[in-house]
Amino acid sequence: DLDRRVGNTEIGLTVLAQSERHDDTANTIKVPGYGILNLRAARRISKDWQLRAHIGNVFDKEYQTIDTFNMLGRNIVITLAYQPSDL
51 DLDRRVGNTE IGLTVLAQSE RHDDTANTIK VPGYGILNLR AARRISKDWQ LRAHIGNVFD
111 KEYQTIDTFN MLGRNIVITL AYQPSDL
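First residue of the sequence shown? That's 51 in the numbering used here, and the numbers climb one at a time after it.
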């Protein structure tokens with residue numbers, strides 16, 4: 051993870067990497083290795099509100115964490131969060 055704050059904006063990235071491995075105790079099923087990049091940003095837009103964005107799997111890499119279980123391709127999540135400052 052790498053995160054940085056610039057004023058009232060936070061930005062960050064995460065790199066996930068996994069080498070090739072076996073998915074069974076007999077070592078007969080191989081799951082290929084992979085590497086993905088996730089990006090995120092958050093900005094306080096008022097005293098009580100924050101806007102957040104996340105882009106997962108930026109390069110739309112096809113990968114599996116378990117044999118035959120495909121993970122999400124590129125995905126985008128935008129969140130508006132209310133966080134009362136007087137609590």
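We put the beta carbon where it would ideally sit given N, CA and C, even for glycine.
Residue range of the unbroken beta strand (DSSP E) whose run includes residue i
{"i": "LEU122", "result": "Looking at the DSSP string, LEU122 is not in any beta strand (DSSP E), and its letter there is neither H nor E."}
{"i": "VAL108", "result": "Premise fails: VAL108 is in no beta strand (DSSP E) and is neither H nor E."}
{"i": "GLY62", "result": "59–68"}
{"i": "ASN88", "result": "84–94"}
{"i": "ASP136", "result": "Run containing ASP136: none; DSSP gives neither H nor E here."}
{"i": "ASP53", "result": "52–56"}
{"i": "ILE79", "result": "First-last for ILE79: undefined, no H or E at that position."}
C-beta contact flag for residue i and residue j at 7 Å
{"i": "ASP136", "j": "GLY123", "result": "no"}
{"i": "ALA91", "j": "ILE116", "result": "no"}
{"i": "ASP73", "j": "VAL81", "result": "yes"}
Whole-number beta carbon distance between residue j and residue i, since they are thought to touch under 8 Å
{"i": "LEU66", "j": "ILE86", "result": "5 Å"}
{"i": "HIS104", "j": "ASN88", "result": "7 Å"}
Nearest-angstrom Cα separation, counted from residue j out to residue i
{"i": "GLY106", "j": "LEU52", "result": "15 Å"}
{"i": "ASN58", "j": "ALA76", "result": "52 Å"}
{"i": "ARG54", "j": "ILE95", "result": "18 Å"}
{"i": "LYS108", "j": "SER69", "result": "Strictly speaking, residue 108 in this sequence is Val, with Lys absent from that position. One C-alpha to the other measures close to 19 Å."}
{"i": "GLU112", "j": "ASN125", "result": "12 Å"}
{"i": "GLN114", "j": "ARG93", "result": "32 Å"}
{"i": "ILE79", "j": "THR118", "result": "10 Å"}
**Message:** Three or more C-beta pairs under 8 Å: does that hold for the segment 89–104 against the segment 117–135?
**Reply:** yes
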